[in-house]
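Asker:
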Amino acid sequence: MTDRSLRPVRAVVRAAVYCRISLARFGDTLKVDDQELLCRKVAAQRGWTVPGGLVFKDNSRSAWQRRRRRPGWDLLLAAVERRELDAIVVYHGDRLIRQPWDLEVLLRLADEQGIRLASPTGERDLDNADDRYILRIEAAQACRESDNTSRRLRSHFERQAERGLVRLGGRGGRAYGFEPDGITHRADDVEVITEVADRVLAHEPIGAICRDLADRGVTTPAGNPWDHGSLKKLMLRPRLAGLVARSGQIVGPAAWDPILDRSVWESVCTVLEGKAGDYAYATNARRHLLSGIALCGTCDQPVAIRHNTRSPHLLAYGCINPACGKKAHRAARYLDPYVQGAVVELLADDRIRDRLATPVTRDLLGELRRLEARKEAVLESAAAAAAESDVDAQTEADLLRVTVRKLNSRIAELRADVARARTPHALDGLWGINYDDFTALPLHRRRAAVTTAMRVTLLPSGRRGPGFDPSTVLLTERV
């Protein structure tokens, strides 16, 4: 380090101003602007000038998170490295430095430049050994304060979650389905959520639901159209079922009323997470009942719709495999009613329905209710202990919170068992349906039922001409 007495004295001291605030809602710059005015006064009192390009601001930027980028801070360091400034003015030292590594980076770049660090509380010389020592102590103290604050906040939010409360506000805006208070339901949103849940359980593709919502002008709270990712994320949120989650785990009931019954929400999650049995619903919109479902009896490849060149209105399912020696070919106007009739007949069979039924056992539900009741009692005890000021009571409260976390883990396991037992099936709601009602269902619903109920194989046939021969179609039950 250079002796300060040997440095050339500058006639004009170029001072940089750095302003930062950890959280500014809605991009409000009022507080950092106030910091700038105060810093300019500090510079003026010392006779320093603040060039226009040496004011750096970080709005809503934490200095505690090491990986969090601070654009203003990075620009300040670059200016130091280019030797464009002689001093740095900040509102307070922790606005500039909140972690020891920040200070070390600044000291390394400012080495032998004689840069001064000033604030309303005093001035430091980055080249002076004593001032460096004091700055390192202050940085360590700021680091400890940030660590303590972070720990207190985590503990606070955990307690809030255990009581069924969540943090409101922030940058994400209001939660869809709720008013800005996060508690009151918004009627229009609730209708959409309920509708989407029904359509998901009916195995309608998410993409088709999104397109329909877009056509109707239904948007996200930010005014954007729903897409596959955003709609799926919405429907997977525990808050729809009146639940609070913390770190990806459900910790208990929420303070607000549920929009969806918990069993319905869990069934929706099962479908969206791809755990609805062997049936995988199609994501591409189809226009014909059996295209991609019925198979060629010769090559075992899915058939596609074929158009009659002489009669374009006459559609037929045909094999499109070039290597197939005996291509199957069936008229859609005959094959569709035949297959749908077979599915309706299968849906009238109570034996198949009973075979597919997976009721939730009473023992499972009984254990679940018992654990939830125990958790409520533990929460009440923890709240009472936390209200006491003595050390023993606080220790007891901490131990009770550990018990709550263990109970939450076991309850989550039981909930998963219940969800598996209630896994939605593509044939749910269709048992005993008549032919007219079945054919009136949306195409995606009928395709799902056919795919789940039976394998359709078109056998090669030498017979040509009008009419339909059922013996050339092999239907094999899947259920």
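The opening position of the sequence shown corresponds to residue -18 in the working numbering, with each subsequent residue numbered one higher.
The beta-carbon is built from N, C-alpha and C at its ideal position, and this holds for glycine as well.
Measuring from the CB of residue 275, is there a heavy atom of the ligand HEM at a distance below 7 Å?
Answerer: The ligand content of the structure shown is nil, which means the ligand HEM is not present either.
Asker: Keeping to the same chain, check which residues put their C-beta closer than 7 Å to that of residue 377; ignore five residues upstream and five downstream.
Answerer: 366, listed in sequence order.
Asker: Check for me: the beta strand (DSSP E) holding residue 106 runs from which residue to which?
Answerer: Where residue 106 is concerned, the enclosing beta strand (DSSP E) stretches over 103 to 106.
Asker: Can you tell me the Cα-Cα spacing of residue 268 and residue 322, whole angstroms?
Answerer: Whole-angstrom Cα-Cα distance: 19 Å.
Asker: I'd like to check one pair, residue 300 with residue 312: are the Cβ atoms closer than 8 Å?
Answerer: No, Cβ-Cβ distance for residue 312 and residue 300 is not below 8 Å.
Asker: Could you check which residue in 69, 62, 60 and 59 has the C-alpha nearest to that of residue 17?
Answerer: Closest option to residue 17, Cα to Cα, is 69.
Asker: Would DSSP call residue 426 helix, strand or coil?
Answerer: Residue state, collapsed to three classes: helix.
Asker: Buried or exposed for residue 158, please, with buried defined as at least 16 other CB atoms from any protein chain shown within 10 angstroms of its CB.
Answerer: Residue 158 should be labelled buried.
Asker: How long is the line joining the alpha carbons of residue 224 and residue 424, rounded to whole angstroms?
Answerer: Residue 224 and residue 424: Cα-Cα distance of roughly 34 Å.
Asker: Measure how close the beta-carbons of residue 188 and residue 209 come, nearest whole angstrom, since I'm counting them as under 8 Å.
Answerer: Their Cβ separation, rounded to whole angstroms, is 6 Å, which keeps residue 188 and residue 209 in contact under 8 Å.
Asker: Is it true that the CB of residue 88 sits closer than 8 Å to the CB of residue 105?
Answerer: Cβ distance not < 8 Å, so residue 105 and residue 88 don't count as in contact.
Asker: Grab me the residues of residue 476's own chain with a C-beta within less than 6 Å of its C-beta, minus the 5 sequence neighbours each way, in chain order.
Answerer: Coverage of the chain is limited to positions -18 through 460, which leaves residue 476 absent and any answer about it impossible.
Asker: If you draw a straight line from the C-alpha of residue 242 to the C-alpha of residue 397, how long is it?
Answerer: Straight-line Cα distance between these residues: approximately 15 Å.
Asker: Check residue 39 in the structure and name its three-state DSSP category.
Answerer: DSSP places residue 39 in strand when its eight states are reduced to three.
Asker: Note down, in chain order, each residue of its chain lying with its Cβ closer than 6 Å to the Cβ of residue 38, except the 5 sequence neighbours on either side.
Answerer: Taken in chain order, the residues that qualify are 0, 13 and 53.
Asker: What separation, rounded to the nearest whole angstrom, lies between the Cα atoms of residue 5 and residue 40?
Answerer: Bear in mind that a pLDDT of 45 at residue 5, under 50, signals an unreliable position, so the model cannot answer this.
Asker: For residue 441, which of helix, strand or coil comes out of DSSP?
Answerer: Note: residue 441 maps to coil in three-state DSSP.
Asker: Indicate whether residue 32 and residue -5 have their beta-carbon atoms separated by less than 8 Å.
Answerer: Contact flag set, yes.
Asker: So for residue 160, helix, strand or coil by DSSP?
Answerer: Looking at residue 160 - three-state DSSP - the assignment turns out to be coil, as it is neither helix nor strand.
Asker: Starting from residue -4, follow the beta strand (DSSP E) in both directions and report where the run begins and ends.
Answerer: Its beta strand (DSSP E) spans residues -4 to 2.
Asker: Looking at the strands, I want to know which residues DSSP matches up with residue 72.
Answerer: Residue 72 pairs with nothing; no bridge assigned.
Asker: Indicate the three-state DSSP secondary structure (helix, strand or coil) for residue 436 in the structure shown.
Answerer: In the structure shown, residue 436 sits in a strand (DSSP, three-state: E or B).
Asker: Considering only C-alpha positions, which residue in the set 384, 72, -7 and 155 is nearest to residue 202?
Answerer: When each option's Cα is compared against that of residue 202, the closest is 155.
Asker: Measuring only the C-alpha atoms, how far is residue 213 from residue 171?
Answerer: Roughly 16 Å between the two C-alpha positions.
Asker: Can the beta-carbon of residue 184 be found closer than 8 Å to that of residue 407?
Answerer: Yes, the Cβ-Cβ distance between residue 184 and residue 407 is below 8 Å.
Asker: By alpha-carbon positions, which one of 24, 21, 165 and 350 ends up nearest to residue 235?
Answerer: The shortest Cα separation from residue 235 among 24, 21, 165 and 350 belongs to 165.
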